[in-house]
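What follows is one structure encoded as structure tokens, with my remarks underneath.
2 protein chains.
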Amino acid sequence: MADPALFEFLHTEMVAELWAQDPDPCPGGQKTSLLVLEGMGFRVGQALGERLPRETLTFREELDILKFLCKDLWVAVFHKQMDSLRTNHQGTYVLQDNSFPLLVRMASGLQYLEEAPKFLAFTCGLLRGTLSTLGVKSLVTASVAALPACKFQVVIQKL
Amino acid sequence: MADPALFEFLHTEMVAELWAQDPDPCPGGQKTSLLVLEGMGFRVGQALGERLPRETLTFREELDILKFLCKDLWVAVFHKQMDSLRTNHQGTYVLQDNSFPLLVRMASGLQYLEEAPKFLAFTCGLLRGTLSTLGVKSLVTASVAALPACKFQVVIQKL
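Chain order of the listed sequences is L and Z.
Read in order, the letters of the first sequence are residues 3 to 161 in the numbering used here.
Read in order, the letters of the second sequence are residues 3 to 161 in the numbering used here.
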């Protein structure tokens, strides 16, 4: 069986390598490496979306698709389910993971919060890419209030 | 259970991203991205080496360590065992995988052989890193004669 830590180790190395290459942006600018990580996540999400056993599900509603991400996608990547899913029933969903695996190894403390975005960008892309394969266009952002919990906000882009 | 394709998809993205960033080297020069990939593999190998169930093995001989790579490490990363292991009994080992997963998705044909090194550098580092954690210093190179088979040559560095 594949070692479940392999993905985490590789993700850590990828973040470190891209961060080392990327010079500091101008004040207020976004680091290129965040965009690169998001793009890599998007393409991995697209590919995974093709493989996940979605034929057993009937996606009658948008909410079914989001539940699929919280269960099947999360298990395939992080070996656990998302802890909660909330929606305003107007196309915005908040997915909360109370102990996000890619943040668990970080030391906790307010001073580390500013390091969190680089460990979330890939996964934002992963969600957006999987949704794209399922025919849903979206914007995905992430936020952290207390490590290692985090929230992913998915806003569906209506055609 | 983790999707076994996750590592492959992420590896593919990582190779593509590093390749895109890396300008062509001067003739005869080696691309920086190969060294970067090898280094990432080394650190992932070091970390994995700490986790693999080596306490159940008694590494009385160098050959036992190489067998451990061919079996436990390969299963943890590629979900299969190495196909053969040969040695000259003087510190050089040749590990052959007849269908190396990171090459399987490549089209076959002689014209693709020159693309192969970028799909092997990470794994060379992975072997070297795992050996390092097990207390063995080595040089690891890879070669491909017919896709998707490849050979990894491990030369143990005696102290």
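Built from N, CA and C at the ideal position, the CB exists for glycine as well.
Computed from a predicted structure; not experimentally measured.
Of the residues assessed, L/GLU40 falls on the buried side of the cut-off, its CB having 16 or more other CB atoms within 10 angstroms. Each residue's CA atom was taken as its position, placing L/LEU136 and Z/LEU50 some 34 Å apart.
At least one beta carbon of chain L lies nearer than 8 Å to the beta carbon of Z/ARG53. With respect to L/LEU71, L/THR132 sits close: the two C-beta atoms are nearer than 8 Å. Close CB contacts of L/MET84 within its chain, under the 6 Å cut and outside five residues either way in sequence, are with CYS72, TRP76, LEU97, ASP99 (chain order).
Listed by position along chain Z, the residues whose Cβ is nearer than 8 Å to that of L/MET16 are LEU12, MET16, MET42.
An exposed status is given to Z/ARG88, since fewer than 16 other beta-carbon atoms sit within 10 Å of its beta-carbon. Close CB contacts of L/PHE44 within its chain, under the 8 Å cut and outside five residues either way in sequence, are with GLY127, LEU128, ARG130, GLY131, SER134 (chain order).
Going by DSSP, Z/ASP99 is part of the beta strand (DSSP E) stretching over 94 to 99. Look at Z/LEU141 here: in three-state DSSP terms it is strand.
Within the segment 118 to 143 of chain Z, PHE124 place their CB atoms closer than 9 Å to a CB of chain L, listed in sequence order. Chain-order list of chain L residues neighbouring Z/ARG107: empty, with the shortest C-beta distance near 11 Å, by a criterion of under 7 Å. For the pair L/LEU105 and L/GLU10, the CB atoms are not nearer than the 8 Å cut-off.
With a threshold of 8 Å between beta carbons, L/ALA49 makes contact with chain Z.
The beta-carbon of Z/VAL96 is placed no less than 8 Å from the nearest beta-carbon of chain L.
Interface criterion not met: the Cβ of L/VAL156 is under 8 Å from no Cβ in chain Z.
For the 8 Å CB-CB criterion, Z/VAL17 and L/GLU15 do not form a contact.
In the DSSP annotation of this structure, the continuous segment of the beta strand (DSSP E) that includes Z/LYS153 starts and ends at 152 to 158.
According to the DSSP assignment, L/LEU8 belongs to the alpha helix (DSSP H) that extends over 7 to 23.
Contacts with chain L at 8 Å (Cβ-Cβ) do not include Z/VAL146. Between L/VAL38 and Z/GLU63, the CB-CB gap reaches or exceeds 8 Å. The C-beta distance from Z/LEU54 to Z/ASP74 rounds to 5 Å, short enough to fall under 8 Å.
Exclusion of the five residues before and after L/LEU141 leaves VAL157, GLN159 as the residues of its chain whose Cβ lies within less than 7 Å of its Cβ. Residue Z/GLN155 holds the alpha-carbon nearest to the alpha-carbon of Z/THR94 among Z/GLN155, Z/HIS13, Z/TRP21. For Z/PRO150 and L/ASP66, the gap between their C-alpha atoms comes out near 40 Å.
Neighbours of L/GLU19 in chain Z, taken as residues whose beta carbon is under 7 Å from its own, are VAL38, MET42 in chain order. Buried is the label assigned to L/HIS13, since at least 16 other Cβ atoms lie within 10 Å of its Cβ. The residue from Z/ALA123, Z/ALA147, Z/SER86 with its alpha-carbon nearest to that of Z/SER35 is Z/ALA123.
What L/ARG45 touches in chain Z, judged by beta-carbon distance under 9 Å, is PHE11, THR14, GLU15, ALA18, going in chain order. Counting only residues of its own chain and dropping the five nearest sequence neighbours on each side, Z/PHE61 has a CB closer than 6 Å to the CB of ILE67. Rounded to the nearest whole angstrom, the C-alpha separation of L/HIS81 and Z/PHE80 is 18 Å.
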